[in-house]
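Engineer: Residue numbers (our numbering), protein chains in the order written: chain A, 1 to 113; chain B, 1 to 112. Where a beta carbon is used, it is the ideal one built from N, C-alpha and C, also for glycine. The structure displayed is predicted, hence computed values, not measured ones.
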């Protein structure tokens, strides 16, 4: 079974803090994704990576950066957290060419005070 | 801007009835279509995908695709209370595209 894990289920941070959200997958998938999900706005892609050290902007990359130093790990970084980044963050992974096997992690609910 | 539209609902159906969920998309070049189910407080899970015009059946679920009308739907036969969830439609553009564009989801309630 594919397993996508995220470092925290719930996280509370202060405005201006640097925040790291970690995602790890155990199925050797090439592609990894970070989404945020907000009521009324749905699931929106922040960044994705199709290989180690490769990254591409999604629809809403502003205020975020990512890092992929190892194939199994994809990190989302909020350089200076703001209250409008309070959201549910979901990581996903899938193998190349297999969009029918995209798996999501359990999510991290981030609150920025 | 590629868009995927869904009726937000809630859609309420009695137990045993057919639930019909609809989705339209703006990018005529889209080639792959997905339905995800998301229970409250949980992450989305893929339940159906379809690539070709027509119907695709899997158990109680049928996905229907009409590329000319840019329309994809999900039918759930013999709806059960356990089907109560938010259903997300997702669309991928053509070859070389990595990104799935999601609709905002339709909340389905199956009434016992």
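Can you find a CB in chain A that lies within less than 8 Å of the CB of residue 88(B)?
Structural biologist: In the second chain, counting from the first residue as 1, residue 88(B) sits at position 88. By this cut-off, residue 88(B) is an interface position.
Engineer: From residue 76(B) to residue 14(A), what does the alpha carbon distance come to, in whole angstroms?
Structural biologist: On the second chain, position 76 is the one that residue 76(B) refers to. On the first chain, position 14 is the one that residue 14(A) refers to. Taking the straight line from one Cα to the other gives about 44 Å.
Engineer: Name the residue from 3(B), 111(B) and 67(B) whose alpha carbon lies nearest to the alpha carbon of residue 54(B).
Structural biologist: As a working note, residue 54(B) is residue 54 in the second chain. Here the closest residue by C-alpha is 67(B).
Engineer: Name, going along the chain, the residues of the stretch 90-113 of chain A whose beta-carbon falls closer than 7 Å to a beta-carbon of chain B.
Structural biologist: Result list: 90, 99, 100, 102, 104, 105, 106 and 107.
Engineer: Could you confirm whether any beta carbon from chain B is found closer than 8 Å to the beta carbon of residue 183(A)?
Structural biologist: No statement about residue 183(A) is possible, as the shown extent of chain A runs from 1 to 113 and does not include it.
Engineer: Starting from the C-beta of residue 31(B), find all residues in its chain whose C-beta is less than 6 Å away, skip the five residues before and the five after it, and write them out in chain order.
Structural biologist: Here residue 31(B) is taken as the residue at index 31 of the second chain, counted from 1. If we look at residue 31(B) and ignore the five residues flanking it on each side, its Cβ neighbours are 94.
Engineer: Can you pull the chain B residues whose beta carbon is under 7 Å from the beta carbon of residue 45(A), in chain order?
Structural biologist: As a first step, residue 45(A) is located in the first chain; it is residue number 45 there, counting from the start. Simply 99.
Engineer: Closer than 8 Å, CB to CB, is residue 44(B) near chain A or not?
Structural biologist: Looking up residue 44(B) in the second chain gives position 44. True, the Cβ-Cβ gap to chain A drops below 8 Å.
Engineer: Between the Cα of residue 95(A) and those of 113(A), 63(A), 30(A) and 21(A), spot the shortest distance and give me the residue it belongs to.
Structural biologist: Looking up residue 95(A) in the first chain gives position 95. When each option's Cα is compared against that of residue 95(A), the closest is 30(A).
Engineer: For chain A, check one thing: does any of its Cβ atoms lie closer than 8 Å to the Cβ of residue 92(B)?
Structural biologist: Residue mapping note: residue 92(B) aligns to position 92 of the second chain, counting from 1. Yes, residue 92(B) lies at the interface with chain A (some Cβ there is under 8 Å from its Cβ).
Engineer: In the DSSP assignment, find the unbroken beta strand (DSSP E) run with residue 72(B) in it and report its ends.
Structural biologist: The residue labelled residue 72(B) in the question sits at position 72 within the second chain. That run of the beta strand (DSSP E) goes 71-76.
Engineer: What do you get for residue 80(B), buried or exposed, if any count of 16 or more other CB atoms within 10 angstroms of its CB means buried?
Structural biologist: The count along the second chain starts at 1 and reaches residue 80(B) at position 80. By the neighbour-count rule (16 or more Cβ atoms within 10 Å), residue 80(B) is not buried but exposed.
Engineer: At the 8 Å Cβ level, is residue 61(B) part of the contact set with chain A, yes or no?
Structural biologist: Residue mapping note: residue 61(B) aligns to position 61 of the second chain, counting from 1. Not one chain A Cβ lies under 8 Å of residue 61(B).
Engineer: Anything in the stretch 70-85 of chain B with a Cβ closer than 8 Å to a Cβ of chain A? List those residues in chain order, please.
Structural biologist: The residues in question: there are none.
Engineer: Closer than 9 Å, Cβ to Cβ, to anything on chain B: give me those residues from the stretch 21-33 of chain A, in chain order.
Structural biologist: Cβ contacts with chain B come from 31 and 33.
Engineer: If I measure Cβ to Cβ from residue 43(A) and keep anything under 6 Å in the same chain, skipping five residues before and after, which residues do I get?
Structural biologist: Working through the first chain from its first residue, we reach residue 43(A) at position 43. Same-chain partners within the cutoff: 35 and 37.
Engineer: Do the stretch 69-84 of chain A and the stretch 3-23 of chain A make contact, defined as three or more Cβ pairs closer than 8 Å?
Structural biologist: Touching, per the Cβ criterion.
Engineer: Roughly how many whole angstroms lie between the Cα atoms of residue 58(B) and residue 4(B)?
Structural biologist: By one-based count along the second chain, residue 58(B) stands at place 58. By one-based count along the second chain, residue 4(B) stands at place 4. For residue 58(B) and residue 4(B), the distance between alpha carbons rounds to 23 Å.
Engineer: With distances taken from CA atoms, which of 6(B), 2(B), 11(B) and 7(B) is nearest residue 83(B)?
Structural biologist: Taking the second chain and counting its residues from 1, the one referred to as residue 83(B) is at position 83. The candidate whose alpha carbon is nearest that of residue 83(B) is 11(B).
Engineer: Any C-beta of chain A sitting closer than 8 Å to the C-beta of residue 9(B)?
Structural biologist: Here residue 9(B) is taken as the residue at index 9 of the second chain, counted from 1. With 8 Å as the cut-off, residue 9(B) does not count as an interface residue toward chain A.
Engineer: Can you tell me whether residue 70(A) is buried or exposed, with buried defined as 16 or more other CB within 10 angstroms of its CB?
Structural biologist: On the first chain, residue 70(A) is found 70 positions in, with the first residue counted as 1. That one is exposed.
Engineer: Using a Cβ cut-off of 8 Å, pull out every chain B residue sitting near residue 41(A), in sequence order please.
Structural biologist: Reading the first chain from its first residue, position 41 is the one you call residue 41(A). In chain order: 104.
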